[in-house]
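A.B. asks: The following block contains the structure, expressed as structure tokens.
Residue numbers (full-length UniProt numbering): 1 to 231.
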């Protein structure tokens with residue numbers, strides 16, 4: 001279908017009113033973003049003849065997505081998080097900026113404020129009889145010099161592919177630690193070998209992937225990121 005209906009003056013006024021474009025106050029950039037979002041959604045509804053039943057099913061899906069705390073998981077699963085990395089890489093390249101380690105998606109099911117250790121940490125609580133794993137590394141700046149007092153945040157799944165906080169069978173912050181590097185920029189952890197994981201099979205992310213004909217499985221991995229010293 002064409003977007004003739006969406007472009008009608010009465011409908012365009014509705015969009016402007018909804019986004020507060022003609023109202024004093026508020027954040028003008030935010031208003032413009034909401035206006036574009038509303039217009040794009042309404043155009044999509046018109047183009048694909050989305051029914052009321054389908055629309056309210058989508059609204060209820062968003063309720064479920066938030067209730068299961070899977071919004072970030074879906075953003076990664078649909079490639080949106082990777083798009084942000086690719087876009088920023090292109091911006092940095094155009095500006096000839098040195099960025100150090102290449103960007104990548106954050107990793108699944110991150111939880112902030114894991115226990116903080118100095119230099120070395122044991123990540124597992126001893127409840128899982130998995131194969132022992134040692135992981136170590138060094139944080140350097142773009143000149144190759146060690147970075148002291150950097151915070152390295154590390155987390156991974158257990159031997160069943162499940163993450164603490166999203167698996168009621170695990171203790172709080174199991175297999176999640178933050179490590180502060182020493183003067184030599186080094187850190188190390190003792191943990192257990194993780195298994196591959198998938199989206200929660202009964203969750204909204206997997207439901208959407210099923211409709212797309214995609215699986216939600218990922219290989220075993222360790223996720224980490226670094227906060228600069230003093231941050």
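No residue lacks a Cβ here, since even glycine has one placed at the ideal position from N, Cα and C.
Can you tell me the Cβ-Cβ gap for residue 203 and residue 217, rounded? I've got them flagged as a contact below 8 Å.
C.D. replies: For the purposes of this step, residue 203 is taken as the residue at position 203 of the chain shown. For the purposes of this step, residue 217 is taken as the residue at position 217 of the chain shown. Not quite, the Cβ-Cβ distance comes to about 14 Å (not below 8 Å), so this is no contact.
A.B. asks: What is the residue span of the alpha helix (DSSP H) that residue 157 lies within?
C.D. replies: On the chain shown, residue 157 is found 157 positions in, with the first residue counted as 1. Taken as a continuous stretch (DSSP letters only), residue 157 belongs to no alpha helix (DSSP H), as it is neither H nor E.
A.B. asks: Measure the C-alpha to C-alpha separation of residue 126 and residue 108 and round it to an integer number of angstroms.
C.D. replies: In the chain shown, residue 126 corresponds to position 126, counting from 1. In the chain shown, residue 108 corresponds to position 108, counting from 1. Each residue's Cα considered, the two are about 22 Å apart.
A.B. asks: Taking Cβ positions, are residue 97 and residue 85 nearer each other than 8 Å?
C.D. replies: To locate residue 97, count along the chain shown from 1; it is residue 97. To locate residue 85, count along the chain shown from 1; it is residue 85. Result no, Cβ atoms of residue 97 and residue 85 do not sit closer than 8 Å.
A.B. asks: On the criterion of 16 or more Cβ atoms from any shown chain inside 10 Å, does residue 187 qualify as buried, or is it exposed?
C.D. replies: Taking the first residue of the chain shown as position 1, residue 187 is located at position 187. It is buried - the Cβ of residue 187 has at least 16 other Cβ atoms within 10 Å.
A.B. asks: Is there at least one non-hydrogen atom of the ligand GTP closer than 7 Å to the beta-carbon of residue 136?
C.D. replies: This structure lacks the ligand GTP; in fact it carries no ligand of any kind.
A.B. asks: Decide if the region 27-47 is in contact with the region 65-77; the criterion is three or more beta carbon pairs, one per stretch, under 8 Å apart.
C.D. replies: no
A.B. asks: Among 168, 184 and 153, which has the Cα closest to the Cα of residue 114?
C.D. replies: Against the chain shown, residue 114 aligns to sequence position 114. Closest by alpha carbon: 153.
A.B. asks: Output needed for residue 206: all residues of its chain with C-beta closer than 8 Å, excluding positions within five of it in sequence on either side, in chain order.
C.D. replies: As a first step, residue 206 must be located in the chain shown, where it is residue number 206. So the list reads 198, 199, 200 and 216, once near-sequence residues are dropped.
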